[in-house]
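The structure appears right after this line, and notes come after that.
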Amino acid sequence: ESALVAHPAVAEAAVVGFPHEIKGEGICCFVTLKSDNDSDQLKAELTKHVREQIGALATPDQIRFAASLPKTRSGKIMRRLLRDIAAGRESSQDTTTLEDYSILAKLRSEDE
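Residue numbers for the sequence shown follow the working numbering, beginning at 1374 and rising by one.
Structure (structure tokens):
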């Protein structure tokens, strides 16, 4: 996450694991941008940036741009919900502390 946030285009990031057919677990990055530049070119640039900052082991399998991330009322990112979205499964997790339910719906609709 710190490598992604160090990029000048990134406002906020959350990184979660998801089931990967070959590797067992893949890396999925949810990224909010400082401006609207959610292009494939930026995804490639962010992937390269992470490789340079951390190494090939941390290369993201997926980078997903989002307008915002699901957070609790105290401002913590709800990574367990992001894990479910990255895995393509419906969440059965407790969402009573989720600040804005519309964020979750937007992330799920972008996944389809």
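Cβ atoms here follow ideal geometry from the backbone N, Cα and C, with glycine treated the same way.
Backbone CA spacing between residue i and residue j [nearest angstrom]
i, j, result
"LYS1479", "SER1441", "9 Å"
"ARG1452", "LYS1444", "9 Å"
"THR1469", "ILE1458", "17 Å"
"LYS1396", "GLU1385", "26 Å"
"ALA1379", "HIS1422", "9 Å"
"PRO1381", "GLU1463", "33 Å"
"GLU1407", "ALA1439", "Reading off the sequence, residue 1407 comes out as Lys, not Glu. When rounded, the distance between both Cα atoms is 11 Å."
"ALA1431", "GLN1466", "27 Å"
"THR1377", "ALA1460", "Here the sequence assigns Leu to residue 1377, which means Thr is not the residue at that position. Computed Cα separation, rounded: 21 Å."
"LEU1454", "GLY1448", "14 Å"
"GLN1414", "ILE1400", "19 Å"
Bounding residues of the beta strand (DSSP E) (the contiguous stretch that carries residue i)
i, result
"HIS1380", "Per DSSP, HIS1380 belongs to no beta strand (DSSP E) and is neither H nor E."
"GLU1398", "1397–1406"
Reduced DSSP category for residue i - H, G, I as helix; E, B as strand; rest coil
i, result
"THR1420", "helix"
Exposure label - residue i; buried when at least 16 CB within 10 Å
i, result
"PRO1433", "buried"
"ILE1427", "exposed"
"ALA1387", "buried"
Checklist entry - Which ranges does the alpha helix (DSSP H) cover as unbroken runs of at least 4 residues, wholly within the segment 1412–1479, from first to last along the chain? => result 1413–1426, 1452–1460
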